[in-house]
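> Just so we're aligned: 60 in our numbering is position 74 of the sequence shown, and the numbers increase by one with no gaps anywhere. Before we start, here is the structure in question, set down as structure tokens.
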Amino acid sequence: MKVILNVIREQGNVFVNVCEKELLGREFRENEVILYINEEFYGGDEVDMEYAFSLFEEATVVSLVGNKVVEEAVRRGYVHKEGILEVSGVKFAQVYNL
């Protein structure tokens, strides 16, 4: 599966941001919660999901948006099911490697 990957390296931190292609640029609202998958943070290169996951070990923070990519992160043990947020049916999770 292809995903959009944006790796941001700044001030000694590595942010690995991964989203499903069809979600980029969209906004989801549920009650007072807004999930905006903006181009600045999530926009990047279209890559194979396997490659994106290979970068997790060096990441300080991993941000994942999309049901398939979040479920794969759960399956691989990066995310616990209780750590998933869902806004209007779209799953979102963050992993901190501090």
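Where is the CB? At the ideal position from N, CA and C, for every residue including glycine.
(1) Short of 6 Å in beta carbon distance, which residues of its chain neighbour C5, apart from the five on each side in sequence? Order them along the chain.
(2) Does DSSP put N(-1) in a helix, in a strand, or in coil?
(3) Counting C-beta neighbours from all protein chains within 10 Å, is the total for V55 16 or more, i.e. buried, or is it exposed?
(4) Return the Cβ separation of V76 and L10 in integer angstroms, given the expectation that the two are a contact with Cβ distance under 8 Å.
(5) Residue range of the beta strand (DSSP E) that Y82 falls in?
(6) Here's the rule: buried if 16 or more other CB atoms are within 10 angstroms of the residue's CB, otherwise exposed. What is G30?
So, to answer that:
(1) As a working note, residue 5 is residue 19 in the sequence shown. Answer for C5: I(-10), I23, Y28, V51, G52, listed in chain order.
(2) Against the sequence shown, residue -1 aligns to sequence position 13. Strand at N(-1).
(3) Residue mapping note: residue 55 aligns to position 69 of the sequence shown, counting from 1. Buried, since its Cβ has 16 or more Cβ neighbours within 10 Å.
(4) The sequence position of residue 76 within the sequence shown is 90, counting from 1. The sequence position of residue 10 within the sequence shown is 24, counting from 1. Wrong, their Cβ atoms sit about 12 Å apart, outside the cutoff.
(5) Looking up residue 82 in the sequence shown gives position 96. Where Y82 is concerned, the enclosing beta strand (DSSP E) stretches over 76 to 82.
(6) For the purposes of this step, residue 30 is taken as residue 44 along the sequence shown, with counting starting at 1. With 16 or more other Cβ atoms within 10 Å, it is buried.
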